[in-house]
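Visitor:
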Amino acid sequence: MHQDSIIREPLLLGKKTYHQVTEDVARPVEGKANKYWWALFFLAIIAWLWGIGCMAYTVGRGIGVWNLNRTIDWGWDITNFVWWIGIGHAGTLISAVLCLFRQRWRLTINRSAEAMTIFAVMCAAIFPVLHMGRPWLAYFVFPLPNQFGSLWVNFNSPLLWDVFAISTYFTVSIVFWYLGLIPDFAMIRDRAKTKSRKILYTLFSFGWSGRAKDWQRFEEVTLVLAGIATPLVFSVHSIVSSDFATGVVRGWHSTVYPPYFVAGAIFSGMAMVLTLVIVGRKVLDLEEYITIQHIETMNKVMLTMGSVVGIAYFAEFFQAWYSGDPNESFIYLSWNNAKGVYGWAFWSLIICNNIIPQILWLKKARRNLYITFILSIVINIGMWFERFDIIVTDLYRDYLPSDWTYYSPSWVEVGIFVGTIGMFFTFFLLFARWFPFIAQAELKTTLKSTGDLFHNPPRHPKSSDFESDGFHAEHASIETVH
Amino acid sequence: MANEKKYWKGLEELNESPAFVKARDKEFAKEVPIEEFLGRESITTSNTSRRDFLKYLGFTVAAASLAACESPVVKTIPYVIKPEEVTPGIDNWYASTFFNGEDYCSVLIKTRDGRPIKIEGNKNSPVTRGAVNARVHASVLSLYDNFRAKTPYVHGGESTWDLADKEVGAKLAAAASKGESAKGNIAILSSTIISPSTREIIAGFIEKYPTAKHVTWDAVSFSGMRKANEQYFGKAVLPSYSFDKAKTIVSIAADFLTNWISPIEFSKQYADGRRLSKKKKDMSRHIQFESIMSVSGANADTRIPIKPSEEGAVAYNLYAAISKLAGSPVGNVTSTPYDEQISKVAAELWSNKGNSLVVAGANDVAVQSVVNMINKTLGNYGSTVNIDRECNLRQGNDEEFAALVNDMKAGKVEVLITYNTNPAYTASAALGFKEAYAKVPCKISLASSVDETASTADYICPDHNYLESWNDANPYAGQYSLAQPAIAPLFCKPRHEGTRCAQETLLKWSGAEITDYYSYLQNYWKKNLLPELSDEGGGYLITNAWNSTLQSGILEKPIVVNDSERGSSELAQANISEAASKIVNAAKGGIEVILYQKTSIGAGLQSNNPWLQELPDPISKVTWDNYITMNPSEMKDKGFSLLEEDNHVASVATLTLNGSSIDLPVFPQPGQAKGTVGIALGYGRTNAGRVANGVGANAFPWVQWTNNTFQYYAAGATIASANKTYTIGATQTHNTMIGRPILKEATLEEYQKNPAAGNEEEKIKTIEGLKSLKDVNLWDDFDKKSPVNLTNNAENLGLRWKLAIDLNSCIGCGSCVVSCTAENNVPVVGKSEIVLVREMHWIRIDRYYSSDMSWEKAKEQDITESNREYAMMIPSTDNPEIAFQPVMCQHCNHAPCETVCPVLATSHGSEGINQMVYNRCVGTKYCANNCPYKVRRFNWFNYYRDEKFLEVNPAQQSNELGRMVLNPDVVVRSRGVMEKCSLCIQRIQVGKLKAKLDSRQIKDGEIKTACAQSCPTEAIVFGNVNDPESQVAELIKDERNYLLLADLDTQPNVFYMTKIRNKDKAILE
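Residue numbers (the working numbering), protein chains in the order written: chain A, 25 to 506; chain B, 392 to 1460.
1. Just checking: is the beta-carbon of S1257(B) within a distance shorter than 8 Å of some beta-carbon in chain A?
2. Excluding the 5 residues flanking S262(A) on each side, which residues of the same chain have their C-beta closer than 7 Å to its C-beta?
3. Using C-beta distances below 7 Å, list every residue in its chain close to E493(B), excluding the 5 sequence neighbours before and after it, in chain order.
4. Rounded C-beta distance between P381(A) and L327(A)? I'm assuming under 8 Å.
5. Do you know how far the Cα of K884(B) is from the Cα of Y470(B)?
6. Applying the 10 Å Cβ sphere with the 16-neighbour rule, what's the burial state of H546(B)?
7. Under a Cβ-count criterion, where at least 16 other Cβ atoms within 10 Å of its own Cβ denotes burial, should Y1104(B) be classed as buried or exposed?
8. Any idea what DSSP makes of M799(B), helix, strand or coil?
9. Determine whether the beta carbon atoms of M1307(B) and T1297(B) lie at a separation below 8 Å.
10. Could you give the distance in angstroms between the alpha-carbon of P433(A) and the alpha-carbon of I212(A)?
11. Candidates V196(A), N178(A), H155(A), L298(A): which alpha carbon is nearest G251(A)'s?
12. Could you round the C-beta distance between N1284(B) and G1303(B) to whole angstroms and report it? I think they count as a contact, below 8 Å.
13. Ignoring anything shorter than 3 residues, give me the beta strand (DSSP E) runs that lie fully in the segment 617–680 of chain B, in order along the chain.
14. Kindly list the residues whose CB is nearer than 8 Å to the CB of N777(B), restricted to its own chain and excluding five residues on each side of it in sequence; keep chain order.
15. Looking at the unbroken beta strand (DSSP E) that takes in H1299(B), where does it start and where does it end?
16. Taking DSSP's pairing of strands, which residues face D1028(B) in a bridge?
17. Mapping DSSP to helix, strand and coil, what is R1076(B)?
18. Measuring straight from C-alpha to C-alpha, what distance separates W239(A) and G77(A)?
19. Based on DSSP bridge pairs, tell me the residues matched to G88(A).
20. What residue ranges within the segment 134–201 of chain A form continuous alpha helix (DSSP H) runs of no fewer than 4 residues, ordered along the chain?
21. Closer than 7 Å, Cβ to any Cβ of chain A: which residues of the segment 1315–1329 of chain B, in chain order?
22. Buried or exposed: which applies to F428(B), given that a residue is buried once 16 or more other Cβ atoms fall within 10 Å of its Cβ?
23. Ordered along the chain, which non-local residues of its own chain (more than five positions away) have a Cβ less than 7 Å from that of G505(B)?
24. Can you give the Cα-Cα distance for K306(A) and T315(A), rounded to whole angstroms?
25. Please report the residue range of the beta strand (DSSP E) in which E983(B) lies.
26. Using the three-state DSSP reduction, which class does R780(B) fall into: helix, strand or coil?
27. For A1262(B), which residues of its own chain have a beta-carbon under 7 Å away from its beta-carbon, when the five flanking residues on both sides are left out?
28. Identify whether T502(B) lies in helix, strand or coil by the three-state DSSP scheme.
29. By DSSP's criteria, C833(B) is part of a beta bridge. Which residues make up the other side?
30. So, is I695(B) buried or exposed, given that buried needs 16 or more other C-beta atoms within 10 angstroms?
31. Whose Cβ in chain B lies nearer than 8 Å to the Cβ of V273(A)?
32. Given I102(A), which residues of its chain have a CB within under 6 Å of its CB, disregarding the five upstream and five downstream residues?
33. Give the C-beta separation of I87(A) and G157(A) to the nearest angstrom, bearing in mind that I take them to be a contact with Cβ-Cβ under 8 Å.
34. Note down the Cα distance separating P853(B) from L534(B), rounded to an integer number of angstroms.
35. Taking 8 Å as the cut-off, decide whether the C-beta atoms of A637(B) and T775(B) are in contact.
36. Once the 5 residues before and after N862(B) are set aside, which same chain residues still bring their CB inside 7 Å of it?
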């Protein structure tokens, strides 16, 4: 039986009962969308459609409609890819790693974080396909049996590792996410009043019965999947970093990349989770679930990861200087780059990722929603620039000065990026309307141990305070696991 | 009249018996048993259900529609009667001659399936000795120029040859009938004609029309030089030169490597005199005085920037200094700021008496007279300068042309025939050619396209392209070559009225007996050059002698020297004082504008050629434009954009000269003499065709008419900002090596002491101090130390291709770039794509300027570490040293591109070649990112289909003409795939198959890449390193050999040889 110290802040405010949790979580799914939702949804769809148009134009005409050149062959495409993959990190980190570490504060945010992960990976996956000169042959990257005899893929290529790493990560993430959703879908199914909803959520919930055996299996699979997903959290971005680290381009060729990329990914992923939940808790009226304390905890994670990233930057900077190699003198973290034509990109990175986040050392800032919200966006801008700097400003000043060039995106490249943001929010908004935003089944396990009721029990607790709504009668079985 | 006869099928019809009438209306003789059929019981009980019926119906419809689908029909036209010599897939080579009025080159034409697709040099020629330049390479594409005139035009409308001949004949007869007093009322204006048979045809024409005269005039004239020689030798000739024999070469603004007299020949000679090897450790020394940064100046060991107005003074003072050394001093007429350097140059020339060479570029009698005196004093006549082997190139006579224009103005010229010249575009504004031209009642143009002159002509009688016609050439005394058609005329009946070779046109108009130029040519040769061809020798000898000459393309005859024509030395002495006074009075002051020719476009004859437009200028690396070159330090003062740090946006300036002005972008040119600007000729065409029209501005009107010759500089110009900007398409925007050991060099003295000078091994900094590359190699254990040395074994077996590039021989001319473009179907992408830095050339020539800053100097000057490289990025503005480095795929044995491709589209061949499998490529572009040499080129678009490239890419023109130039051995790449230098793997394959058929080993030199084959200076050598006899095996042992970016341990199969500068006796100091 897990119990938190009474002096800790409660993870759930508002003296929630089981039934109330059910009500709160089911409300957005069962109710009608407000006009803000519709406005956002409309905007997101427009952006997505615009992006689809830009993608179609690219595929129809060739990557020539982008502004890449003979020296800088990757630009916004791979920057956006790595950025989205990075964002896709926090979800699995929160649900799998924190699950193994028994961090119960994760329970109110893990559902939305995982959804974010899945949508972010979907957005990310667009770019490696689209950046190909001949995307219709993208299946060449799979080790498919073919009629060419011994023609096989190149297992030496980090791009191929990417294919495996990302597809594995995506599959495990989606399974893990869906698994957690099953009892919650069942809850909505049980409450469903309309026929269509009943049918839909019956399908979604895979015949969940809520029996003890169900719960036992649920818990076991959760634990196993958490175990599988945890190394994936670290492998995906390590492997994405190999796209660069195994290259001979100076600035890319760096052994610090795998840990540094993972830290950066968690940094940006946490920032994106914060952006989403700060809006989500307000719009969906879940302020009592996602409390200031959650925000602060995530800010702490962000501060830690930001510092790791900062140290990595410093290491890069130091080693470029210490190596004495003249070819290293223009890498993305170097004075020469800071002063060069991409100085603005360099300083955007440093200011957004290293300087502004220092405000998180102040407790007041960590607990301030406005500051946190702005900061989360700033960090994501900074992390975007990190990838841009690594890709573009390592390529633009390479070995032979005769090759040196400059690159700025075309409207098509910007359009595709805007399109993926539109797609991400379209999915996320649909998720918020159709799926239980909070993993209520698991959350209920905290009611008795860390909830407001536990901390401030009513003078005369009524049995109804802890009464389940019938469906969660077997609730105790969860607690035995924890 | 309608036929009223009636036919009947039988008596029944005639009689119209009732039985017949009844039967006639019935289609079937018997009743159709419908009722019986439907009434059958088996129908209703049949087991073919309605479902089955629908199934069959569906299948039938689907099958029928599928069968109707047709796979794409590719129309091929087989040879019904196969020509004996044409075998599909096998190339035929024909010896021929390229001469367009400017450059002379003896060539071999490669044809495939009857189409000329490639030009290479003819090694048999003692003149060009197998060398070719970019313009000659590109000429094959001009054959397929859709803008060529395809039919004669009469008064602006398409017409027929019959009509044109009839009308022109009448006009000529009318003009000629005016008698001897009207001499000159018919004029043929042409550029230099070196074809002896054509000259005879013109003579015949003049015989027929006695009032006719022939005026030769070149757009870029050497008239002054001929006149100076006339004064000196009594004959207006140009001498031949031997740059290879000269120990000291001094050039006063003569760009003899790319534009002066016979640049192809001179580049070859120049490189021969400077090539270093284990056996020959000495090279010539080249000093260049010039205003613009020319290719010759860039290759000079010492370059001294001067103003164009000072060329004469420099020449004169050099003469004065030499005559002082010779013991018969002549006083300086004027002093120049370079007199001290000049005296050093003079001393050096004097020490190499008889083995030196002084040349000058000015088209000025005075300057050329002085240069003649210098060469005479140095005793160079007979060794490096040969007046007996006179040069027939550049015969233009400025005075005659000026007189002709005056006659035209005066209305004396009634018929003007222009042949291979475009004066409406190239004539100086001083003469007012256009007004004069308008006054000529009958204007006839023999141009092969409707150019600026032809467009206002009354008759256009289009000439063949040189690849379609017979011709002969006599570039030097005793030196003959033949040209033969490599393809039947492209424009001919029935689709077009067609072109006709100009000689034939003139023969027709002369009313000659033989109007067939081929017969005429043979007769001419029989009469004058090949007496073996005369009938006494019998039929067999005729064909034998003719065919062998035709096959080799070359005929040499002994030179007959006529000493009586030599002038006296007194005459020369008298000239020199006259020259001195003219030199003193040379126009100077203000901004002096030099009108120069670019390596690619020249005087603009071939400007409609996209290969040449896209060829980066060797010095500026700018494509597709002309511009004002100006010293960057002066530009800074004026506030013009210096195009630093990847900037493509240049400031536009208005250059004003005597009231006329030109707006052009200003390009910062380090080394440009201060107070001068340069503008390239050959741009600003209005009637050249889709490719060239509107590119740049025309500077020909600014050619000056001074002392009865055309001067290609003007003084007294002013420059002002036009408050506009213009985007320039340069392929290289960073100009120095910022202290990196990319292009290694040493001085000759250092080299003679230590052949590995400048090529010191690069050490890697480690914690244990500097270490050799081998000691820090990650592959040590696997590759190098293991007892079973797999890699080395593989490398020592069979064929191992290597490419050696001698940086000392490379003059940066760009011949290899165009040759590679032609060989490998490299797309042309146009200026807008060049601005996005997406040129597709498989080989590029990097050009680096020296910088005033170095690591050591920066340290001394206390420049902070982070500022040092920025300081080193700035080239020396006053007089930088330049070096050229051709870079193509390095074919690394440890190739960074190969490991990163996810689909194995780029892999390593067993012969050391890094291979690109286009079909497998999905276009992730990682290989290009990971290539440290950045030699991979991505197909951003479907260059052969995308409408954006309609105007420029030969593989895609509105009709299928341009595609005929494509090499069928090399695939045209689709979009989305990576491409790069393949070391001309198709040529290797052909060579291997040939050797296999003969059951022998491949001989060294038998297989050559396009770049190696076309290099006029033999800077690129290709071969099998495992063949101990091969040239590359020899070169790889040379101490000068090094690998580019060796510290990356990519182990390339391309290696470089250090550049050696002969600058120890520094003249600049």
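Every residue gets a Cβ at the ideal spot worked out from N, C-alpha and C, and that includes glycine.
Guide: With the structure as the only source:
1. Answer yes: the Cβ-Cβ gap between S1257(B) and chain A drops below 8 Å somewhere.
2. In chain order, P282, F285, V286 place their CB closer than 7 Å to the CB of S262(A), counting only its own chain and leaving out the 5 sequence neighbours on each side.
3. Setting aside the 5 residues that flank it on each side, E493(B) is surrounded in the same chain by G993, A994, L996, each with a C-beta closer than 7 Å to its C-beta; the list follows chain order.
4. Between P381(A) and L327(A) a beta carbon distance of about 7 Å is seen, short of the 8 Å cut, so the two are scored as contacting.
5. Straight-line spacing of the CA atoms in Y470(B) and K884(B) works out to 20 Å.
6. Exposed.
7. By the neighbour-count criterion, in which a residue is buried when 16 or more other Cβ atoms sit within 10 angstroms of its Cβ, Y1104(B) is buried.
8. If DSSP states are grouped into helix, strand and coil, M799(B) belongs with the helices.
9. One thing to note: M1307(B) has its Cβ within 8 Å of the Cβ of T1297(B).
10. Rounded to the nearest angstrom, the two C-alpha atoms are 46 Å apart.
11. It is V196(A).
12. About 7 Å; that satisfies the 8 Å criterion.
13. Those beta strand (DSSP E) runs which fall completely within the segment 617–680 of chain B and span 3+ residues are 629–632, 639–643.
14. Taking N777(B) as the centre and dropping the five residues before and after it, the same chain places the C-beta of P630, S631, Y632, S633 closer than 8 Å to its C-beta, in chain order.
15. Here the beta strand (DSSP E) through H1299(B) covers 1297–1299.
16. Note: D1028(B) is not bridge-paired with any residue in the DSSP secondary-structure output.
17. R1076(B) carries a coil assignment under DSSP once its states are collapsed to helix, strand and coil.
18. Near 46 Å, if we compare the C-alpha coordinates of G77(A) and W239(A).
19. Its beta-bridge partners do not exist; DSSP assigns none.
20. Listed in chain order, they are 134–154.
21. Answer set for the segment 1315–1329 of chain B: T1315, K1316, Y1317, A1319, N1320, N1321, P1323, Y1324, K1325, R1328, F1329.
22. Around the beta carbon of F428(B), a 10 Å sphere encloses fewer than 16 other beta carbons of the protein chains shown; the residue is thus reported as exposed.
23. So the list reads V477, I878, once near-sequence residues are dropped.
24. C-alpha separation (whole angstroms): 11 Å.
25. Segment 982–987, the beta strand (DSSP E) holding E983(B).
26. In the structure shown, the three-state DSSP call for R780(B) is strand.
27. Hits under 7 Å: M1244, A1249, I1254.
28. Under the three-state reduction of DSSP, T502(B) is assigned to strand.
29. Partner(s): V806(B).
30. Under this definition I695(B) is a buried residue.
31. What V273(A) touches in chain B: N1320, N1321, P1323.
32. So the list reads I415, once near-sequence residues are dropped.
33. Confirmed, about 6 Å.
34. Cα-Cα distance, rounded: 13 Å.
35. Their beta carbons are under 8 Å apart, which means A637(B) touches T775(B) by this criterion.
36. Take N862(B), set aside five residues on each side of it, and the residues of its chain with a beta-carbon closer than 7 Å to its own are T488, S586, A874, in chain order.
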